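So the structure is just underneath, and the comments pick up after that.
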Amino acid sequence: MAEEFPAAKTAVDEYHKIEQEMSQPEVASDPEKMRKLGRRHAELSVIVSAYQRYMTLNDDYEAAKEMASEDPDFADEAKKLEGELPEAREKLRTALIPRDPDDARDTIMEIKAGAGGEEAALFAGDLLRMYTRYAERRGWSCEIQSQNGTELGGVKDVQIAIRAKGTVAPADGVWASLKYEGGVHRVQRIPVTESQGRIQTSAAGVIVFPEADDDDDEIEIDPKDLKIDIFMSSGPGGQSVNTTYSAVRMTHIPTGIVVSMQDEKSQIQNRAAALRVLKSRLLAMKHEQEAAEAADMRHSQVRSLDRSERIRTYNFPENRIVDHRTNYKAYNLDQVLDGDLQAVIDSDIQADEAARLAQADKQ
1 MAEEFPAAKT
11 AVDEYHKIEQ
21 EMSQPEVASD
31 PEKMRKLGRR
41 HAELSVIVSA
51 YQRYMTLNDD
61 YEAAKEMASE
71 DPDFADEAKK
81 LEGELPEARE
91 KLRTALIPRD
101 PDDARDTIME
111 IKAGAGGEEA
121 ALFAGDLLRM
131 YTRYAERRGW
141 SCEIQSQNGT
151 ELGGVKDVQI
161 AIRAKGTVAP
171 ADGVWASLKY
181 EGGVHRVQRI
191 PVTESQGRIQ
201 TSAAGVIVFP
211 EADDDDDEIE
221 IDPKDLKIDI
231 FMSSGPGGQS
241 VNTTYSAVRM
251 THIPTGIVVS
261 MQDEKSQIQN
271 RAAALRVLKS
281 RLLAMKHEQE
291 AAEAADMRHS
301 QVRSLDRSER
311 IRTYNFPENR
321 IVDHRTNYKA
331 YNLDQVLDGD
341 LQAVIDSDIQ
351 ADEAARLAQA
361 DKQ
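If you read the sequence shown in UniProt numbering, its first letter stands for residue 1, the second for the next number, and so on.
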């Protein structure tokens, strides 16, 4: 029976090998090494658990079937176990389908006000609150890395780092859920600036990418490829936050990627934070190119902030939210904006899993 899933047996062997490595004193004393091994261990644990469940059920079924002729109770047990085997087999088959290698990573998210002026900025602020509340529900931490606001309390643009606590299984990783949020989010409501009570449409754009690790050897940045400008931090409406030039604008010359960071207390901290985000952007670009070459761009993000290129609509008059990729629709917009976002995200996860299963069946 083990020969039916050779990949599972390989995963079990790797799982035990990693456990042995993690028990070595020289590895246990190296936090970065432990983190990398822990991430892979958590990823394999899903396969190992499904494999052990399937094998145990199968062994118990074979044993019960052998004893069925001698004891009717074993016949009933064999029938019961036989009914449970298909589900266990399918769970193992699903677990063996390769996941996005970044699923366990933390995430950098950017929210930018698009078409709609001040109303779009206010909506961008609503999205920031929604994702912050959602992160709180998941037990994740949120760190605002840079933010430009408006005098009415809106958000022109904001960048946040959303991180899980400790080592998590890929399915529970921040990127595993938030990678579906990239694109244009459209809002329909009566703006606070509208005196005639007319419903208007505006938009905000969300861009997400997995956060690179400090020691990630997948991306190397040559200091000669960086142009670094120092400037004074500013707050809502352009007012000065401090009197020192601590904000950093970092430009990666080969790609033209620009990262600005101003929310840390010192120039050194802002420089380090900007470099981490730049590395994350380059990692995302590398993986995007690899996926494109493999013709597997299932969830390419909309980079334009045009109102017509939308992934989701938030309709306030009807308290309705619609995800246009999965046709998910619900009338609990107020709860979603308060962080109750899981059902919406689950619709994307389920659609993605169905696509991966269909792809695996073709191979």
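For every residue, glycine included, the Cβ atom is placed at its ideal position computed from N, Cα and C.
Computed from a prediction, not measured in an experiment: that's the story for all the values here.
key: Residue from 170, 157 and 80 whose Cα sits closest to the Cα of residue 366   = Residue numbering for the chain in the displayed model covers 1 to 363; residue 366 lies beyond these limits and cannot be assessed.
task = Would you list the residues sitting across from residue 209 in a DSSP beta bridge?
result = Beta-bridge annotation (DSSP): residue 209 is paired with 108.
ask   = Any idea what DSSP makes of residue 117, helix, strand or coil?
value = If DSSP states are grouped into helix, strand and coil, residue 117 belongs with the helices.
message = Assuming contact is defined by CB atoms lying nearer than 9 Å, are residue 263 and residue 108 in contact in what I supplied?
response = Contact: no.
request  = Provide the residue(s) that pair with residue 323 in DSSP beta bridges, ordered along the chain.
outcome  = Residue 323 is bridged by DSSP to 312 and 328.
request  = For residue 225, I'd like the list of residues in its chain whose CB is within less than 8 Å of its CB, leaving aside the five on either flank, ordered along the chain.
outcome  = Cβ neighbours of residue 225 within its own chain (closer than 8 Å, five residues either side excluded): 252, 253 and 254.
request  = Could you tell me whether the segment 324-332 touches the segment 110-117, using the rule of 3 or more Cβ pairs below 8 Å?
outcome  = Contact fails between the segment 324-332 and the segment 110-117, because fewer than three Cβ pairs, one in each stretch, are under 8 Å apart.
query = What do you reckon, are the CB atoms on residue 284 and residue 168 nearer than 9 Å?
reply = Not closer than 9 Å, so no.
query = When DSSP labels each residue in this structure, what does residue 123 get in the three-state scheme?
reply = Residue 123: helix per DSSP, three-state reduction.
Terminal residues of the alpha helix (DSSP H) in which residue 83 lies = Residue 83 -> alpha helix (DSSP H) spans 72-96.
message = Once DSSP output is grouped into helix, strand and coil, what is the label at residue 287?
response = DSSP, reduced to helix, strand and coil, places residue 287 within a helical segment of the structure shown.
inquiry  = Measuring alpha carbon to alpha carbon, tell me which residue in 247, 223 and 278 is nearest residue 230.
reply    = Nearest C-alpha to residue 230: 247.
inquiry  = Quick check: the Cα distance between residue 67 and residue 53, rounded to an integer number of angstroms?
reply    = One C-alpha to the other measures close to 21 Å.
query = Pick from 268, 266, 267 and 249: whose alpha carbon is nearest that of residue 259?
reply = The residue among 268, 266, 267 and 249 with its C-alpha nearest the C-alpha of residue 259 is 249.
inquiry  = Taking the alpha-carbon of residue 318 as reference, which of 311, 334 and 324 has the nearest alpha-carbon?
reply    = Closest by alpha carbon: 334.
ask   = When the Cα atoms are used, what is the spatial distance from residue 232 to residue 273?
value = Near 16 Å, if we compare the C-alpha coordinates of residue 273 and residue 232.
key: Distance between beta carbons of residue 332 and residue 188, contact taken as under 8 Å   = The beta-carbon distance between residue 188 and residue 332, rounded to whole angstroms, is 16 Å. This is too long to meet the 8 Å contact definition.
key: Whole-angstrom distance between residue 47 and residue 11, CA atom to CA atom   = Across the structure, residue 11 and residue 47 are spaced so that their CA atoms are roughly 7 Å apart.
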